[in-house]
Structure formats: C-alpha cells, structure tokens
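Structure, as structure tokens:
Residue numbers (my numbering): -17 to 66.
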C-alpha cells in the first residue's frame, strides 16, 4: 500500500509525485536501512545526484573477492580490499 503512490507517479511520469513520495517517512526509513547495510561513504543516497556513465563503464576486478569496482574507487566496494 505504501508503494502505490510512488508506482502511480512512475507510471504517469509525474516527477512531482515521485519527489513528494521520496520526502515521506517510508523512503527515509528505506534509505537508513541501506546506509546501515552498506556502511560505505562512497554510496550516495541522493537519488538526484548525476552519475558519470563513462566512470561506471570503467571497472577493476578485486583480487580478493573478484567484484567489479568503478575504476576511480581505491578500495573494493564489497570487501574493502585495496586496489592493486
């Protein structure tokens, strides 16, 4: 039930409705859970921040866990191993 207003806004491409939903307590709780789960300062919880597509396409594989990381990150986003 809590997602219905968001889904309706997405279906109708109503950006104001999406932004309004993002200001409610449910979205804030979800963001807090993500921050607790990932505890990574490099993860931006700002959904409106620009994403550099070229940066996302450049990756390096972690020697410890093999996760593919964004090239500019100096530590693995999964296991925090240093980039080599």
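The beta carbon of each residue, even a glycine, is placed where N, CA and C say it ideally should be. Source: prediction; values computed, not measured.
| Item | Value |
| --- | --- |
| Within the continuous beta strand (DSSP E) that includes residue 41, where are the two ends? | 41 to 43 |
| For residue -14, does the count of other Cβ atoms within 10 angstroms reach 16, so buried, or fall short, so exposed? | exposed |
| With residue 50 as the anchor, note down where its beta strand (DSSP E) starts and where it stops. | 50 to 52 |
| When you compare each of 55, -9 and 47 to residue 61 by their alpha carbons, which one comes out closest? | 47 |
| For residue 64, which residues does DSSP report across the bridge? | 57 |
| Exposed or buried, residue 6, counting other C-beta atoms within 10 Å across all chains shown (16 or more means buried)? | exposed |
| Going by beta carbon distance, what residues of the same chain come within less than 6 Å of residue 8, once the five residues before and after it are set aside? | -16 |
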